[in-house]
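Right, one structure below, let's go through it.
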Amino acid sequence: DQQVKQNSPSLSVQEGRISILNCDYTNSMFDYFLWYKKYPAEGPTFLISISSIKDKNEDGRFTVFLNKSAKHLSLHIVPSQPGDSAVYFCAALYGQNFVFGPGTRLSVLP
Amino acid sequence: SAVISQKPSRDICQRGTSLTIQCQVDSQVTMMFWYRQQPGQSLTLIATANQGSEATYESGFVIDKFPISRPNLTFSTLTVSNMSPEDSSIYLCSAGLTGYSEQYFGPGTRLTVT
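Sequence order for the protein chains is C and P.
According to the numbering used here, the residues represented by the first sequence are 414 to 523, in order.
According to the numbering used here, the residues represented by the second sequence are 660 to 773, in order.
What follows is the structure in C-alpha cells.
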C-alpha cells in the first residue's frame, strides 16, 4: 500500500506559467514533508520542506502548501523555467519512517 | 551540505554474481543510507548504514542479499549478492547530516543484470 502518492506521472507547463505538483499521503503520523528534484543520471536534490505545524513554506520561486485535514500537499513553481524540467519527488517522514512518492515528471516548454 | 560520490556509475553483471558499490562523502556524516530505484518506481530505502555496527534493514531487505559496510564516517559499501535480473535498478546512497530530513544523494549506480 503506497503511503505517499503522486497521482500525476507527468505534467507539461509553458515557460513563465505556474507549475503545480500534487502529493497525497495516507498516514496521519507523518509530520515532515519534503520535495526533491531529480535530473537524469543524478541523485535527487532537496528543494523545500514543510513541517506539519505549518501550512505554507516559501523559498524563492518555490512554495509548498500543506493541507493536513486532506492529507495533501502541493508544490508551486512560479514562474516555471525550462531548467525546472525534472522529476519531482514528494517525501514524508515521521520518526524513522521515511517514504518517497513515485514522482512526477515536469516538462517546462519554452 | 555534503558531496557524495559513487563507484561504479553503472555496470552490467551476469546473473549469480555479486557487485559492490562504493559511496564516499566529502565530510564526516552521522547517517548514511542506501536506496533502490527500480525502473519506473520511486526510491525505496534499503537500509541505514551504521558506523561500527550492523546496518539497519527495512522490511523486505535482508543482510544476506544486501550486505553493507560502514568502516568510518565518510565511506560505505553496498553489495548486491547473487544477482538476478530483478535486481536491475539504480542504487543510490545518501548522507544525512541531521537525520532523514536533510539528505544529500549520490548520483546513483545503474545496475543491469543479464
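Backbone N, C-alpha and C fix where the C-beta goes; we use that ideal spot for every residue, glycine too.
Does P/Lys666 pass the burial test, meaning 16 or more other C-beta atoms within 10 Å, or should it be called exposed? exposed
Within-8 Å CB hit, C/Pro515 to chain P: yes
What residues from chain P crowd round C/Phe511, counting only those whose CB sits closer than 8 Å? Leu704, Tyr759
Kindly give me the distance between the Cβ atoms of C/Phe511 and P/Tyr716, rounded to whole angstroms, as I take these residues to be in contact under 8 Å. C/Phe511 to P/Tyr716, Cβ: 14 Å. No contact.
Roughly how many angstroms lie between the CA atoms of C/Leu463 and C/Gly516, to the nearest whole one? First, the residue type needs correcting, since residue 463 of chain C is Ile and not Leu in the sequence shown. Each residue's alpha carbon lies about 18 Å from the other.
Roughly how many angstroms separate the alpha carbons of P/Ile663 and P/Met691, rounded to a whole number? 10 Å
Hey, how far is the Cα of C/Glu455 from the Cα of C/Tyr449? 12 Å
Residue from C/Asp444, C/Asn480, C/Phe475, C/Leu479 with nearest C-alpha to C/Tyr501: C/Phe475
Return helix, strand or coil for P/Asp685, following the three-state DSSP convention. coil
Going by the CB atoms, is the gap between P/Gln762 and P/Ser753 shorter than 8 Å? yes
Can you list the residues of chain C that P/Pro655 reaches, using a CB-CB cut of under 7 Å? Here chain P comprises residues numbered 660 to 773, so residue 655 of chain P is not present and cannot be evaluated.
Report yes if the C-beta distance between P/Tyr727 and P/Ser735 is below 8 Å; otherwise report no. The question names Tyr, but residue 727 of chain P is Ile in the sequence shown. Yes, Cβ-Cβ distance for P/Ile727 and P/Ser735 is below 8 Å.
Could you check what DSSP says for C/Glu471 in three-state terms: helix, strand or coil? strand
Candidates C/Asn470, C/Ile466, C/Pro523: closest to C/Pro492 by CA position: C/Pro523
Using the beta-carbon count (16 or more within 10 Å), is C/Gly514 buried or exposed? buried
Can you pull the chain P residues whose beta carbon is under 8 Å from the beta carbon of C/Phe529, in chain order? Given a span of 414 to 523 for chain C in the structure shown, any question on residue 529 of chain C remains unanswerable.
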